[in-house]
Amino acid sequence: MTIRAILTDIEGAAGPLSFLKETLLPYAREQLGAFIAAHAEDDDIEEALEEAGRLMGGFSLKPDEAEALLQRWMKQGRNPTPLKIIQGRIWQQGYEAGAFTAAIFPDVAPSLGAWKDAGIRLFTYSSSSELAQKLWLGSAGAELAEGFEGFFDTRVGQKLEEESYKAIAEQLALPAAEILVLSENEDELDAAKAAGLATTRIAREVGGGGNHPVAVNFGAVTVG
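So the sequence shown is numbered by the UniProt record's numbering: it starts at 1 and just counts up by one.
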C-alpha cells in the first residue's frame, strides 16, 4: 500500500528525548506556581484550569491546589490536556527568554523535505500541545515547522489508545494503511498498528526487535 501521509512523534524521534526530560519538564516544574499566579485569568489558562478541576470531579481549584495537582500529574508522568496546554505556554516563555533552544536530529530536515517533494503529507502527533510542538520545531528553523500540514496532540486522544489513531485517519480522510507512524515508543506504535496504520520504530539508541519495522533514523525509514 502506498504511503500518502507520515505522522511523526517529536520527542525521541525527531529530537532528543533528553531535551524533554532534562530541560523542558524541569523548567515547567520550576515555573508552574509563578506562571499560574500570573496567568490564571488568561482565557486559555483559565479554561485549562477549569478542565483540570472537571477531571478531578468538578472542583473549582484554587491556584495552590491547581499547582499541586499539575505537579502531581507531572510526577506521575500523566498527559492530560490541561497540563499540556499550560506546559506549552510556560515553555513558550522559556524559548522567548532564551532559556533554552530545542535540538532536532540532523537527518530530520532532509528526510522531511524528500518526503514532501515526493507528495507525502506531513503531520505530527505528540503528547505535548500543538503550541509546544511548533515551538520545538520552530526553534530549529521556521521552515521545518512550516513543512507540516497539521499538528495533533492529546485533544484527539491519548497516544496509547487505538481510537486516537482511528480519529486521526478519519480527520485526514485517508485509509489507515496509507498513514505511516514514526515513534520511538513501541506501546504507541502498538496502538497505531491496532488501528490499521503502518508503523516504524525510530530506534536511535537501541537495537531492533519488537513488533514493528525499525529504522535507526529518518533517513533509514522505508516509505512505500
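For every residue, glycine included, the Cβ atom is placed at its ideal position computed from N, Cα and C. None of these values were measured; they are calculated from a predicted model.
Are residue 74 and residue 13 closer than 8 Å when you measure CB to CB? For the purposes of this step, residue 74 is taken as residue 74 along the sequence shown, with counting starting at 1. For the purposes of this step, residue 13 is taken as residue 13 along the sequence shown, with counting starting at 1. Not a contact, by the Cβ cut-off of 8 Å.
CA-to-CA distance, residue 79 to residue 19, given in whole angstroms: Looking up residue 19 in the sequence shown gives position 19. Looking up residue 79 in the sequence shown gives position 79. One C-alpha to the other measures close to 17 Å.
Determine the closest residue to residue 83 out of 197, 155, 219, 189, with distance taken between C-alpha atoms. As a position in the sequence shown, residue 83 is number 83, starting the count at 1. Considering only 197, 155, 219, 189, the residue with the shortest C-alpha distance to residue 83 is 155.
Distance, Cα to Cα, residue 50 vs residue 165? Counting from 1 along the sequence shown, the entry for residue 50 is found at position 50. Counting from 1 along the sequence shown, the entry for residue 165 is found at position 165. Cα atoms of residue 50 and residue 165: separation of roughly 27 Å, rounded to the nearest angstrom.
Look up residue 78 in the DSSP assignment and say whether it is helix, strand or coil. Within the sequence shown, residue 78 is the residue found at index 78, counting from 1. The answer is coil: DSSP assigns residue 78 none of H, G, I, E or B.
Beta-carbon gap between residue 25 and residue 125 smaller than 8 Å: Residue 25 sits at position 25 when you count from the first residue of the sequence shown. Residue 125 sits at position 125 when you count from the first residue of the sequence shown. No, they are not a contact pair.
Have a look at 144, 93, 122 and flag the residue whose alpha-carbon is nearest the alpha-carbon of residue 109. By 1-based counting over the sequence shown, the position of residue 109 is 109. The shortest C-alpha separation from residue 109 is found at 144.
Measuring CB to CB, does residue 136 end up less than 8 Å from residue 10? Here residue 136 refers to the residue found at position 136 of the sequence shown. Here residue 10 refers to the residue found at position 10 of the sequence shown. Yes, Cβ-Cβ distance for residue 136 and residue 10 is below 8 Å.
So within the region 152-182, which uninterrupted beta strand (DSSP E) runs reach at least 3 residues, ignoring any that extend past its ends? none
Residues in its own chain within less than 6 Å of residue 31 by CB, not counting five upstream and five downstream? By 1-based counting over the sequence shown, the position of residue 31 is 31. Excluding positions up to five away in sequence, the list reads 90.
Boundaries (first-last residue) of the beta strand (DSSP E) holding residue 123: By one-based count along the sequence shown, residue 123 stands at place 123. 121-125 is the extent of the beta strand (DSSP E) around residue 123.
What are the residues that DSSP puts in a beta bridge with residue 214? If you number the sequence shown from 1, residue 214 lands on position 214. Bridge partners of residue 214: 201.
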